[in-house]
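Structure first, then comments.
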Amino acid sequence: MADKDGDWWFCLKHMKVEHGPGCPNKERMGPYDSEGAAAAALETAQRRNETWQRQDED
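Under my numbering, the first residue of the sequence shown is numbered 11, with each subsequent residue one higher.
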């Protein structure tokens with residue numbers, strides 16, 4: 011599927027990337043612009059959380 015034909019999501023229930031309609035949004039992270047960005051959703055969230063934690067400590 012081409013990246014331009016809808017949004018990409020990471021499903022937290024199934025722990026996999028979904029394209030377009032899929033599981034309910036409350037069970038997904040996104041939307042993302044690409045399949046790769048959706049696949050990296052958990053790592054992206056972890057990095058952001060660590061950054062916010064460091065900012066809160068300052």
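Glycine residues also receive a C-beta, built at the ideal position from the N, C-alpha and C atoms.
Endpoints, the alpha helix (DSSP H) within which residue i is located
| i | result |
| --- | --- |
| Glu45 | Glu45 to Ala49 |
C-alpha distance - residue i paired with residue j, whole-angstrom precision
| i | j | result |
| --- | --- | --- |
| Gly46 | Glu67 | 31 Å |
| Tyr42 | Pro31 | 13 Å |
| Ala40 | Phe20 | According to the sequence provided, residue 40 is Gly. The question's Ala does not apply to it. C-alpha separation (whole angstroms): 7 Å. |
| Gln65 | Ala55 | 15 Å |
Enclosing beta strand (DSSP E) for residue i [first to last residue]
| i | result |
| --- | --- |
| Lys26 | Lys26 to His29 |
| Cys33 | Neither: Cys33 is in no beta strand (DSSP E) and is coded neither H nor E. |
| Gly16 | It is not in any beta strand (DSSP E) - Gly16 carries neither H nor E in the DSSP assignment. |
Simplified DSSP assignment, three categories, for residue i
| i | result |
| --- | --- |
| Gln56 | helix |
CB contact flag (residue i, residue j, <7 Å)
| i | j | result |
| --- | --- | --- |
| Cys33 | Lys26 | no |
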